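Enquirer:
Protein chains in written order, with my numbering: chain A, 1 to 456; chain B, 1001 to 1456; chain C, 2001 to 2456; chain D, 3001 to 3456.
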């Protein structure tokens, strides 16, 4: 998971990119970076931690330019180092080029081997670097070079590329990860989510299509074409379940709407359930719980207090406070839950340990009966397209039946939103608009032992 | 505004205090500090910024002890420096003593002058230091010394004092700022809010009473007495309106309950209002909006997305992103508000500028009509008891009539919770339980030109 | 050991103090600090490490003023913390006062107990704080207050005090630590060493006399008087042997001259010695070796290469490179020493371990015979007046006879400059001008079990 | 100017490299870095500033390995950034490879263009990166690959390359920059200077020859061969004049010896000169002055005090203390120079400004007559082989006759060591052993407009 953004044709490009990255901060807290291009010279600034830290660096504020791209990174700890913070700025046959990437290149190992054989040197330990090599090794018109490079890459990649004053947005042929086009005054904006466009005062225009490459210069779309024709869009449905901001627009509706529908459909699945109240696990369960409440007529309550100083739920393990951490992050209000039969709505179960700790906390707070409800189906497979899910053997639903999980968690009932309903809530008109690989085990691309899965 | 906590008789005292401070982080993000006492030796660790930063310091984790106190500080920028970060640890006639303080000493100037005349030296620019001098200049039994010192101090002060293994909690005679007593295994905990006790796994026992001093040693309350008899409790009602965590218990109910009642009573005040939906300004307006919705039957919605990476609402002004900051923090979801007549519930209006920007954002997002509702009365006076409200001339309600403010904000209607209802929601049995000085101009203590108002 | 300086009546006061501290950096590398006074307001900036680090802080460069004082600190690791970095700036009955101190208060424990009883609070763990309390507890004319305070303090103290635009320099009645008066344009400068005056372009006027207090305002000496009449000056002779810069003037000559004479007199003591060359242990042995060579006619050589990046010789122990450290600092040139009979001149032997390692290195480099020569007598007692010598049981010469030491070091002969000659080289007209306590065990003040010895 | 070192076959490889870098710190203070190789995995640690700072990083101390290479960097401010700090570690067809480089690739622009055309991407702004590309683009046996790569590179380069446990030292065919081979127990050491070998306890074996590649594995030289036959060695003579440590061995003698001979020969050049004393500009002029004194019989004195806290003479410009900086670094002792006719020996004159300031300081201190003597000829050309001399128009001797310079400096006489004598002092048997391009304008390689000159 990462967030990417690019802005061109604006004196405030760097500031806008910084603000956009803050809006996308939920997509990655580990590192942040910005490349600024102006007067024929590019400069890249990167730092570990939040965007706020990067923005405070004097250097950044001194460099002027009219185009900029940015990146926030969420990654596995193994690769947690400044050297892997993006953007990656290089010099190649095409001059100075900078790239930001969200996704995962499934044929990374193969591509890297091929590139190494051709004499490439790898300075990072991140799959993103292959784009740079493919671009550098290809000659001709720059957009075509980008297209040719992309045609060799398999897997998930939304890209923003900056070269002098040319801003390019591109999306893999499956459209795994989101990428949108927006406009602000005389500038175009390309970003992971529409919210990042709108916060800046810009207007969301449309999604960049799977396989599409959009080339922007001087406030104009100078070219838009497809590096490959998409046979079947496979956008990650988990973006709507969990990752994206509720105010981002996806498939013609806000993520907020999709989540409310998930709740509504869950209520229908559970028709007849009796409970004193329905409450979300904040923040992602929020709208699903509201939707559930409206559909079922069961009282909506907010029975958890979330500590927002401690980062997003599966980001950053604690240090010397490991045991207290769960409680610090999320605490049930006794007064709300004590003696009650409650419906608790969360987005998903991964390993099961966090859910169990949370259920236990509810019981300690006096909850009488708990119905645990998830706004997606059981996760039975790992993600190969950019989400950092653990391997199959750590996924509780890949290894235990629903009733076993129910017992493990210690709840009255355990209900998952079914696949059909999830897709429906997300406005999938046909099944094939979304990638639901982690729920079905049916992946849009061939998965083998060599498939790389640690992208950005 | 500050948060304070103390734990004794536990090998994990420092860890518990650190976790407690994280729970109290909303009370101050500027600096954090911990004093650890063990084996006859105390050590204090302080740093600017969040508790997380302090906790990562190696030094802290190496120092052992069985008692600890901690502090998070919110302060005016003028005094923003490490030298004013608490705890203040000193050596005096009573040995090593460390103090943390939440409140504001109204007679600070007078006391300081008196102390200077007696030969005291002031190393900080914070009012808290006077406690140390008063203690150091008084002889005899330590709890009595603390009592004697407190009897000279006017204004607001909740204190936690650590001396060797003795932990003392004390509260001014008006009980302006909260302070609670809790128990965890063989340890007592004293903290600003009950939530900080409960997150640690402890049990909230009771509030420390106005004027009370509680002395704890070896897991026992060895003494509890009053340094002065309270004539009239005057606890800050704004703690329930705005500052405290929703899961903290105040006056026998959670703050969450108080806020829901505020919403309910507001709905009654506005009986007959028509609207498509009622929505909170997150996070404080949340429960009031829920209460309003239940009472009025108007649909509850969450139409704002809040960016939690950017800190609490009136903490930390931005830097090179000043204009974007408001939007970054709080963004309306167009889909929710567009074309609608909406009721928006916030906690309070101070200067009016933030509210106006927020109302404008709602209009830009297409809101047709806006009813702006506040869960407290107009703020017409500054606070002298520890809350950093601006001076009277910056308070919009002190200078403009309600209808003027309504026009300035550009809303259909503007409704304040009336004083009676606010007090009722907060379970004030009689008027005199709360300090409502900032709403009424009637302060529980004499206010003059010399009254100091920049405490902690 | 510490270095102190003050400048008044100059727009560049802070810059001059910073540059002066750089010149005094050899007197302490652990922390540095500056107080600037201007427009009725003082501000203090302190940081761990070298002056260069402090000087780079933006804050320092933004604060304007026309008077400033500064401090560099060398201290024992136990007290190595920012809280003990000077200047100590406080507010007291006399307003804002800031103090820097070089020396050691021998009756610190007694004074502190007395002050604690009077109600003082101690925020630091350094003896310097007593001056502030004594000043704060005394009323009347400020210079008299300083004088009265000093009259209660025993031991070594050179002080620079700043109050508004008044700069005061003061020296204990024994004159243990140096303090000089200088002039630059319309400003007076007070500093530990004359070199710090002269580097700034100023003129060294004279030493501040033992017991003298000099009060400066607006570029004028407004008062100069004695807080106590000195019976017997006892200036630390080790300043000339080791600590001071060679270009500083002491007792009417440069330290360089004193050291050359030490070498000359050593040559006379060793009359008839035969050797191929005489070489110094850099940097302190340098001039003594040159003097020795001139007197004896033995060839002067520089056979050691000193690595100046690693700090002064007994400052900063190493970390994971402990064993290599000695070699890293000082390496003999094989070509110079191999097969030779050499005279090696160092300033002094303390524990003996460093000397032994250095002698071993010479042998490894092929030195045939080594005559080890010290430009002071055997150190047999600890210092109570501001030099961080170890306790008696760690002083090799306090526990072993010269010949034993010679064997331990493994040298042909071992020669100490005798007391008479040392005093003579330093221009002691009578024996009693200098404190030679560490060489004779005869201290100018009464030493008891309670004598404090960890000053600054 | 940079310093490089490599150690293999030792559990302490990283520590030894760190200590070696400290010994080479005079070759660059801007950044430092170490690559450690162990268990088939390499890791690189780099930081701005001194080696001491790098060594304190926890990460470095946790990574284990048996081979390591290191680098200290001195560079022009334009390229002063962490991204250019070496070692450069990459992955290529040959696996993980790390390289450190001292020198300057004169055909960098051409090579880079060629490499860009072949599809290479450049991540740094330093010439060193071309080695990595050339290596990565060449197949076959690794040492041969290194050889083939080197054969394409023109200019100055001493390299240390690490690949798994193979350590390679290589030197350009002209032998511009030094590189030596040493042995310590079962390990080989390759370093810029012999002193770095010996400080670690190792034995200097020999110089790596111009054009030679030495391949070391498991404590054995497994291969040693020439990538190209050297027609004419052209080692930088300025290493002996200025850069190298006095205890390093070059051309069969220590640098110290070479410098003493320079002084001796200068005395012969100036036969008959009368003066009261001869004194060096520390630290480089030291031995030349000593040699001069011995030859001439004129008294040797050390009349300057150098402040070693402020870095090497043309490293690090000052900040807000620009004017004071010169005086802070080097101060004449009035007592030594006042009223005297003095001979002052420095290594060289570059721009002339520093020399002039120093001469002025001597005059202010009362020097009556000054004879300024340089231990090398006038510098009339820039260096293209790794020394950061300014362009020709900034070199005073390239633009003014000796007598003009003499007048500009304001000295009695101005004497340069003549070329013949300089070469003789440095043991050049024939003229062609050394590069003397900056003194003669005759460069060993063709110099054109495209010649790159900002290497490392």
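Every residue, glycine too, gets a C-beta built ideally from N, C-alpha and C.
Just so you know, these numbers come straight off a predicted model, no measurement behind them.
Rank C:2093, C:2344, C:2117 by C-alpha distance to the C-alpha of residue 1091 (chain B) and give the top, closest one.
Expert: Comparing Cα positions, the closest option is C:2117.
Enquirer: Spell out whether any CB of chain D is found under 8 Å from the CB atom of residue 261 (chain A).
Expert: It does not: the Cβ of residue 261 (chain A) has no partner Cβ on chain D nearer than 8 Å.
Enquirer: Buried or exposed for residue 441 (chain A), going by 16 or more other Cβ atoms inside 10 Å?
Expert: With fewer than 16 Cβ atoms within 10 Å of its Cβ, residue 441 (chain A) is classed as exposed.
Enquirer: Look at the alpha carbon of residue 3405 (chain D) and the alpha carbon of residue 3354 (chain D), and state the distance between them as a whole number of angstroms.
Expert: Their Cα atoms are separated by approximately 13 Å.
Enquirer: For residue 2317 (chain C), is the classification buried or exposed, using 16 other Cβ atoms within 10 angstroms of its Cβ as the cut-off for buried?
Expert: Bear in mind that the predicted position of residue 2317 (chain C) carries a pLDDT of just 35, short of 50, making it too unreliable to give a figure here.
Enquirer: Taking the Cβ atom as the reference point for each residue, do residue 2170 (chain C) and residue 2150 (chain C) lie within a distance shorter than 8 Å?
Expert: For residue 2170 (chain C) and residue 2150 (chain C), yes; Cβs fall inside 8 Å.
Enquirer: The alpha helix (DSSP H) with residue 1287 (chain B) in it runs from where to where?
Expert: First-last of the alpha helix (DSSP H) with residue 1287 (chain B): 1286-1296.
Enquirer: According to DSSP, residue 3090 (chain D) sits in a beta bridge with which residue or residues?
Expert: According to DSSP, which records beta bridges pairwise, residue 3090 (chain D) is partnered with D:3097.
Enquirer: Taking just the CA atoms, how far does residue 129 (chain A) sit from residue 122 (chain A)?
Expert: Distance between the alpha carbons of residue 122 (chain A) and residue 129 (chain A) is about 7 Å.
Enquirer: Identify whether residue 1253 (chain B) lies in helix, strand or coil by the three-state DSSP scheme.
Expert: DSSP places residue 1253 (chain B) in strand when its eight states are reduced to three.
Enquirer: Assuming residue 3192 (chain D) and residue 3102 (chain D) form a contact by the criterion Cβ under 8 Å, report the distance between their Cβ atoms to the nearest whole angstrom.
Expert: 6 Å between Cβ atoms; contact.
Enquirer: Anything in chain C within Cβ reach of residue 3246 (chain D), meaning under 9 Å, just list it in chain order.
Expert: Correct list: 2302, 2305, 2333.
Enquirer: I need the DSSP call for residue 2451 (chain C), collapsed to helix, strand or coil.
Expert: Residue 2451 (chain C): coil per DSSP, three-state reduction.
Enquirer: By Cβ distance below 7 Å, which residues in the same chain neighbour residue 3314 (chain D) in space, the five residues on each side in sequence not counted?
Expert: Any reading at residue 3314 (chain D) needs caution, since the residue's pLDDT is 32, under 50, leaving its predicted position unreliable; the model's value is listed next. Correct list: empty, nothing qualifies.
Enquirer: Identify each residue in the stretch 3081-3114 of chain D for which the Cβ-Cβ distance to at least one residue of chain A is less than 7 Å, and report them in chain order.
Expert: Result list: 3090, 3091, 3092, 3093.
Enquirer: Just how far apart, CA to CA, sit residue 2024 (chain C) and residue 56 (chain A)?
Expert: About 35 Å.
Enquirer: To test your reading of the DSSP string, which unbroken beta strand (DSSP E) runs of 3 or more residues are found completely within the stretch 1165-1207 of chain B?
Expert: Runs of the beta strand (DSSP E) inside the stretch 1165-1207 of chain B: 1166-1171, 1180-1184, 1187-1191, 1203-1207.
Enquirer: Since residue 415 (chain A) and residue 262 (chain A) should fall inside the 8 Å C-beta cutoff, what is the C-beta to C-beta distance between them, to a whole number of angstroms?
Expert: Not quite, the Cβ-Cβ distance comes to about 12 Å (not below 8 Å), so this is no contact.
Enquirer: Quick one: using the 10 Å Cβ neighbour count with 16 as the cut-off for buried, is residue 2141 (chain C) buried or exposed?
Expert: Exposed: under 16 other Cβ atoms inside 10 Å.
Enquirer: What separation, rounded to the nearest whole angstrom, lies between the Cα atoms of residue 2376 (chain C) and residue 2422 (chain C)?
Expert: Whole-angstrom Cα-Cα distance: 6 Å.
Enquirer: Among D:3212, D:3373, D:3205, which residue has its Cα nearest to the Cα of residue 3265 (chain D)?
Expert: Of D:3212, D:3373, D:3205, the residue nearest in Cα terms is D:3373.
Enquirer: Taking only three categories from DSSP, how would you classify residue 374 (chain A)?
Expert: If DSSP states are grouped into helix, strand and coil, residue 374 (chain A) belongs with the strands.
Enquirer: Would residue 127 (chain A) be called buried (16 or more neighbouring beta carbons within 10 Å of its own) or exposed?
Expert: With 16 or more Cβ atoms within 10 Å of its Cβ, residue 127 (chain A) is classed as buried.
Enquirer: Straight-line CA distance for residue 243 (chain A) to residue 196 (chain A)?
Expert: Whole-angstrom Cα-Cα distance: 14 Å.
Enquirer: Look at the Cβ atom of residue 2229 (chain C), then the Cβ atom of residue 2211 (chain C), and state whether they are nearer than 8 Å.
Expert: Yes, Cβ-Cβ distance for residue 2229 (chain C) and residue 2211 (chain C) is below 8 Å.
Enquirer: Along the beta strand (DSSP E) that carries residue 1070 (chain B), what are the first and last residues, could you check?
Expert: Residue 1070 (chain B) -> beta strand (DSSP E) spans 1067-1073.
Enquirer: Comparing the C-beta of residue 3181 (chain D) with each C-beta of chain C, is any distance below 8 Å?
Expert: Output row for residue 3181 (chain D): interface = no.
Enquirer: Would a check of beta-carbon distances place residue 3048 (chain D) closer than 8 Å to chain A?
Expert: Not an interface residue.
Enquirer: What residues of chain C sit near residue 3308 (chain D), judged by a beta carbon separation below 7 Å?
Expert: Ordered by position in chain C, the residues that pass the 7 Å Cβ test against residue 3308 (chain D) are 2308.
Enquirer: Kindly provide the ranges of any alpha helix (DSSP H) runs that are 4 or more residues long and lie completely inside the stretch 1223-1281 of chain B, ordered along the chain.
Expert: The qualifying runs are 1255-1269.
Enquirer: Three or more C-beta pairs closer than 8 Å, one from the stretch 1002-1017 of chain B and one from the stretch 1183-1190 of chain B: is that the case here?
Expert: Output reads yes: the stretch 1183-1190 of chain B touches the stretch 1002-1017 of chain B.
Enquirer: Can you find a C-beta in chain A that's less than 8 Å from the C-beta of residue 1022 (chain B)?
Expert: Closer than 8 Å to some Cβ of chain A, the Cβ of residue 1022 (chain B) qualifies, so yes.
Enquirer: For residue 1150 (chain B), which three-state DSSP category applies?
Expert: Helix.
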